[in-house]
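A.B. asks:
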Amino acid sequence: MSKESSTTFQIPAAAYTALFSALPGVSYLLENNPPYFTILAVTNGLLPLVGLTRDQLIGKNLFEVFPSNPHDLNDTGQSNLLVSLLHVIAQKEAHQLPAQRYDIMDENGRFAERFWKAENRPVIASNGDVEYIIHTSEEITAKIKAEKREVEVDGIERAFGLFMEAPMVVGLVNGEDYVLELANKEAFKLWGKGPEIIGKPVLEAVPELAGQGVIELFDQVRNSGEPFFAHEVPVASFGDGKEELHYFNLVYQPYYNSGSLKATGVFTISHDITEQVKARQRTLESEERFRSMADASPVMIWTLDENGNFTYYNSRAAQFTGHTEKELTEGKSWQVAIHPDDIDFASNVVRNAVVNRIQYQMECRMQRADGEWRWLLSHGTPRIGKAGEYFGFVGSSIDITEHKKSQQELQNALDQIRLSKEAAELGTFDLDLEKGTMHWDDRCRTLFGISHHDTVRYEKDFVDGLHPDDRDRITKIIENLFQKSISDGDYDVEYRTVGVEDGIIRWVRAKGKVYFNQNDQPVRFIGSVLDITEKVMAIQKMEAVVEERTKELAQTNKILQQINNELQRSNQSLEEFAHAASHDLKEPVRKIQIFTQRLKDEVTNHLTETNARLFNRIENATNRMGNLIDDLLLYSHVTQRPLEKESIDLNVNIQKVLEDLELNIEEKNATIKVEQLPIIFGYRRQLQQLFQNLISNALKYSKRDIQPYITIGYKNTVENEKAYHIIVVKDNGIGFEPEYSDKIFQMFIRLHGKEEYSGTGVGLSIAKKVVQNHDGFIKVESQPGVGSTFKIYIPA
136 MSKESSTTFQ IPAAAYTALF SALPGVSYLL ENNPPYFTIL AVTNGLLPLV
186 GLTRDQLIGK NLFEVFPSNP HDLNDTGQSN LLVSLLHVIA QKEAHQLPAQ
236 RYDIMDENGR FAERFWKAEN RPVIASNGDV EYIIHTSEEI TAKIKAEKRE
286 VEVDGIERAF GLFMEAPMVV GLVNGEDYVL ELANKEAFKL WGKGPEIIGK
336 PVLEAVPELA GQGVIELFDQ VRNSGEPFFA HEVPVASFGD GKEELHYFNL
386 VYQPYYNSGS LKATGVFTIS HDITEQVKAR QRTLESEERF RSMADASPVM
436 IWTLDENGNF TYYNSRAAQF TGHTEKELTE GKSWQVAIHP DDIDFASNVV
486 RNAVVNRIQY QMECRMQRAD GEWRWLLSHG TPRIGKAGEY FGFVGSSIDI
536 TEHKKSQQEL QNALDQIRLS KEAAELGTFD LDLEKGTMHW DDRCRTLFGI
586 SHHDTVRYEK DFVDGLHPDD RDRITKIIEN LFQKSISDGD YDVEYRTVGV
636 EDGIIRWVRA KGKVYFNQND QPVRFIGSVL DITEKVMAIQ KMEAVVEERT
686 KELAQTNKIL QQINNELQRS NQSLEEFAHA ASHDLKEPVR KIQIFTQRLK
736 DEVTNHLTET NARLFNRIEN ATNRMGNLID DLLLYSHVTQ RPLEKESIDL
786 NVNIQKVLED LELNIEEKNA TIKVEQLPII FGYRRQLQQL FQNLISNALK
836 YSKRDIQPYI TIGYKNTVEN EKAYHIIVVK DNGIGFEPEY SDKIFQMFIR
886 LHGKEEYSGT GVGLSIAKKV VQNHDGFIKV ESQPGVGSTF KIYIPA
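Residues in the sequence shown are numbered consecutively from 136, following my numbering.
Okay, structure coming up:
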């Protein structure tokens with residue numbers, strides 16, 4: 136446009152808004168103040184197109200109101216408009232922009248795709264300068280999109296010929312019923328159908344597609360006008376009358392009938408990638424199996440990629456290092472765990488193997504999770520595919536620290552032997568099982584009666600040199616010696632040799648050790664041989680003397696056995712006498728008590744104070760005598776075990792004791808707490824007597840001003856590898872000094888005067904005897920003024 140076509144604008148500024156509101160079309164009046172281009176007025180036709188009010192536009196900068204689309208990297212609308220405006224200012228002439236995309240942002244901040252045809256025209260002031268710019272636009276979005284659709288549809292139609300023979304599934308459905316208008320050979324093969332299905336609604340033509348979500352996808356593409364892409368979609372195939380699962384990469388493209396602005400159908404392209412998916416699944420399954428086996432392995436397993444970077448560690452490796460697999464393969468280098476002195480060596484070994492794609496083996500130190508440096512033996516092998524392709528390395532590492540220590544111990548042992556053998560006149564031997572060599576020193580050869588210095592042979596020199604009577608025994612010991620589970624490698628034997636050359640019989644003692652590798656296979660057998668001929672001869676002479684003395688001892692033992700039998704009979708007679716004597720004494724004591732009472736009753740009115748005191752002393756003495764006789768009778772009973780034991784619930788047993796002592800308990804106002812007790816195997820009446828004596832003692836020796844509190848508890852324990860029930864009887868009585876803990880169980884022992892506390896001194900002896908009858912034992916702990924605790928141990 137020429138400069139003559141410019142417009143001179145002289146209307147007052149106050150009329151701008153009213154004027155532009157009345158103008159037809161879509162126009163802005165912009166101020167010449169680049170780069171802002173402030174909006175001074177707009178036409179009414181603009182407002183509905185941009186979705187803004189006049190107040191939202193007037194006084195605002197053009198590019199502030201209409202920013203560029205930040206989501207479209209190819210957006211040139213703003214820059215093209217700016218160039219056009221600057222051209223109008225510089226050349227003072229109108230400028231027509233070609234069809235231009237310029238997206239408009241809605242009130243929610245989303246950009247909609249918009250296309251415009253625009254012109255910028257200058258408004259010249261009286262001094263000849265451009266004072267304003269009139270921007271006029273026409274939206275052509277619908278037209279542009281229609282043209283694009285026609286181009287796309289035309290392109291699709293031109294490609295139909297290629298698609299019909301393409302090695303992929305191609306189809307076209309059209310209309311609301313999605314009539315199948317096009318399908319290629321691969322589609323017929325997938326569906327198990329023929330050309331007869333063309334022209335039918337897709338669900339009628341291929342009813343098997345129902346329920347697979349196909350119609351829903353067609354609706355989505357047709358209604359939105361946007362293509363649909365999906366990868367590795369599972370689709371059921373019905374070829375050859377069999378249903379099979381295939382995987383496809385799908386493209387659903389909207390299809391437009393000629394002249395239609397809305398999609399009428401869907402064009403589909405499906406690429407069968409079943410084999411690739413299954414191959415990847417097989418690879419994943421194979422990798423999963425590898426990981427499962429690797430994680431179950433007791434050794435450390437790892438993999439490297441083709442560049443030597445670690446890509447996998449099994450759980451054993453992660454556990455050993457204390458780092459996760461992710462840390463070892465991504466964040467942390469494997470070298471962080473290598474001993475500083477071994478890093479260069481280990482790195483060079485791995486680098487050389489990766490570069491040359493060769494196997495490698497190395498030993499280096501690695502830090503375990505607990506901080507200890509451990510020796511590892513590592514093996515690496517290249518991973519080569521069937522076609523010779525290189526995938527990296529797979530390898531394993533095992534802890535050989537103990538093996539290294541064994542090697543060091545072996546060397547130390549050899550050094551010790553070499554230092555001491557001459558002083559001890561020992562012969563030494565060394566059998567290297569890995570190398571298959573056997574070494575004897577001169578002293579060892581002498582003990583086998585050989586003088587040659589040729590190579591020593593096991594059968595010829597050792598086995599043949601054994602005395603015939605010892606040969607089978609020694610060879611069998613050596614066979615077992617090489618099996619770690621049987622012998623642990625320790626060798627200590629005595630045998631005779633018969634000199635191969637001198638024929639002399641010698642007694643020797645051989646000691647040695649077999650050393651094993653990490654697989655418990657024997658690798659070395661070393662030891663020493665000592666001449667003990669003189670010692671054996673001396674022992675044999677001593678054995679002859681011992682044999683003679685043994686005969687004499689046998690005669691003496693026979694005499695002692697006879698004496699022992701007599702002693703047992705005597706003890707039995709004594710027990711019978713004690714039982715009979717105590718039993719026969721009860722009657723005289725009873726008569727003394729009866730006649731004393733009668734006499735006392737007859738002379739009661741004539742008794743003096745002295746006479747009454749004498750009668751009391753007689754009664755007390757006869758009562759004590761009666762109690763003593765009863766206790767002796769009871770003791771004589773418990774010294775004889777009943778014939779049969781029985782199952783006894785101690786809870787029931789204790790309850791009977793408490794019932795018998797009910798009056799004593801009430802008199803003392805005592806509290807007795809009994810925990811749950813076990814069921815044991817024993818003698819019912821004896822156990823009842825045991826607890827009666829202990830509880831009676833606790834009541835008897837209670838403190839005068841404090842209520843008795845007695846507990847009976849239970850626990851179990853193991854002493855000297857034997858299980859015991861422990862019943863604990865504890866009181867808060869007067870107690871006694873700990874030094875009397877053993878003495879208190881002796882017969883007739885009393886720690887208090889009979890005037891203070893009554894008793895015969897037999898009760899605890901009976902208790903001890905009952906516990907012994909049950910193959911147990913009893914202990915007591917006590918402190919004066921604190922109380923006593925009796926612990927009864929009975930085998931469980």
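In this text, a Cβ means the ideal position worked out from N, Cα and C, and glycines have one as well.
Per DSSP, what are the beta-bridge partners of Cys-579 in this structure?
C.D. replies: According to DSSP, Cys-579 bridges with nothing at all.
A.B. asks: Could you tell me if Asn-243 is buried or exposed, where buried requires 16 or more neighbouring beta carbons within 10 angstroms of its beta carbon?
C.D. replies: exposed
A.B. asks: Taking the straight line between their C-alpha atoms, what separation do you get for Glu-166 and Ile-350?
C.D. replies: 55 Å
A.B. asks: Among all the DSSP beta bridges, which residues are the ones paired with Val-386?
C.D. replies: Answer by DSSP bridge pairing, in chain order: Phe-364, Ile-404.
A.B. asks: Can you round the beta-carbon distance between Ala-902 and Asp-866 to whole angstroms, since I take them to be within the 8 Å contact cut?
C.D. replies: The Cβ separation is near 14 Å, so there is no contact.
A.B. asks: Could you tell me whether the stretch 806-814 touches the stretch 832-852, where touching means 3 or more Cβ pairs closer than 8 Å?
C.D. replies: yes
A.B. asks: Write down every uninterrupted run of the alpha helix (DSSP H) in the stretch 444-495 whose length is 4 residues or greater and which is fully enclosed by it, in chain order.
C.D. replies: 450-456, 478-491
A.B. asks: Roughly how many angstroms separate the alpha carbons of Asp-567 and Val-658, rounded to a whole number?
C.D. replies: Spanning the alpha carbons of Asp-567 and Val-658 requires a straight line of approximately 6 Å.
A.B. asks: Residues bridged to Asn-851 by DSSP?
C.D. replies: His-860
A.B. asks: Could you tell me the alpha carbon to alpha carbon distance between Glu-524 and Arg-415, rounded to whole angstroms?
C.D. replies: Glu-524 and Arg-415 have their C-alpha atoms some 17 Å from each other.
A.B. asks: Quick one, which of Asn-700, Lys-227, Glu-361, Val-738 has its alpha-carbon nearest Asn-262's?
C.D. replies: Lys-227
A.B. asks: Exposed or buried, Tyr-836, counting other C-beta atoms within 10 Å across all chains shown (16 or more means buried)?
C.D. replies: buried
A.B. asks: Where does Asp-596 fall in DSSP's three states?
C.D. replies: Annotated three-state conformation of Asp-596 is helix, per DSSP.
A.B. asks: So is Gly-922 buried or exposed if we call it buried at 16+ other beta carbons inside 10 Å?
C.D. replies: buried
A.B. asks: If you follow the beta strand (DSSP E) that Arg-839 is part of, which residue opens it and which one closes it?
C.D. replies: No beta strand (DSSP E) contains Arg-839, which DSSP labels as neither H nor E.
A.B. asks: What residue range does the beta strand (DSSP E) around Asp-534 cover?
C.D. replies: 525-534
A.B. asks: Inspect the CB distances between the stretch 512-523 and the stretch 621-637 and report whether three or more fall short of 8 Å.
C.D. replies: The stretch 512-523 and the stretch 621-637 do not touch, with fewer than 3 CB-CB distances between them shorter than 8 Å.
A.B. asks: Are the beta-carbon atoms belonging to Thr-446 and Ala-453 less than 8 Å from one another?
C.D. replies: no
A.B. asks: In this structure, how does DSSP classify Ser-513 when only helix, strand and coil are distinguished?
C.D. replies: strand
A.B. asks: If Phe-750 and Lys-780 are in contact, beta carbons under 8 Å, what's the gap, nearest whole angstrom?
C.D. replies: Not a contact, Cβ separation roughly 48 Å.
A.B. asks: Should the stretch 510-520 be called in touch with the stretch 489-496, which here means at least 3 C-beta pairs below 8 Å?
C.D. replies: yes
A.B. asks: Classify Asp-477: buried if its beta carbon has 16 or more other beta carbons within 10 angstroms, exposed otherwise.
C.D. replies: buried
A.B. asks: Can you tell me which of the three DSSP states Ile-753 falls into?
C.D. replies: helix
A.B. asks: Inspect the beta-carbon positions of Leu-439 and Gly-562 and report whether they are closer than 8 Å.
C.D. replies: no
A.B. asks: What residues are listed by DSSP as bridge partners for Asn-255?
C.D. replies: Partner(s): His-230, His-270.
A.B. asks: Could you name the residues of the same chain whose beta carbon sits closer than 7 Å to that of Ile-640, not counting the 5 residues immediately before and after it, in chain order?
C.D. replies: The answer, listed in chain order, is His-602, Arg-631, Val-633.
A.B. asks: Which of the three DSSP states, helix, strand or coil, is assigned to Gly-662?
C.D. replies: strand
A.B. asks: For Asn-786, which three-state DSSP category applies?
C.D. replies: helix
A.B. asks: By DSSP, does Asn-309 sit in helix, in strand, or in coil?
C.D. replies: strand
A.B. asks: Taking a contact to mean a Cβ-Cβ separation below 8 Å, would you say Ala-490 touches Cys-579 in this structure?
C.D. replies: Checking the sequence, you will find Val at residue 490 rather than Ala. Not in contact: Val-490 and Cys-579 (Cβ atoms no closer than 8 Å).
A.B. asks: State the Cα-Cα distance for the pair Gly-888 and Glu-872, rounded to the nearest angstrom.
C.D. replies: Any reading at Gly-888 must be qualified, since the residue scores a pLDDT of 49, below 50, and its modelled position is unreliable; the value itself is stated next. Cα to Cα, Gly-888 sits roughly 16 Å from Glu-872.
A.B. asks: Rank Asp-576, Ala-689, Arg-256, Glu-569 by C-alpha distance to the C-alpha of Glu-560 and give the top, closest one.
C.D. replies: Asp-576
A.B. asks: Leaving out five residues on either side along the sequence, give the residues of the same chain with a beta carbon under 7 Å from the beta carbon of Lys-803.
C.D. replies: The residues are Leu-834, Ser-837, Pro-843.
A.B. asks: Can you tell me the Cα-Cα spacing of Asn-384 and His-206, whole angstroms?
C.D. replies: 27 Å
A.B. asks: Measuring straight from C-alpha to C-alpha, what distance separates Leu-187 and Phe-155?
C.D. replies: 16 Å
A.B. asks: Ordered along the chain, which non-local residues of its own chain (more than five positions away) have a Cβ less than 6 Å from that of Arg-451?
C.D. replies: Met-435
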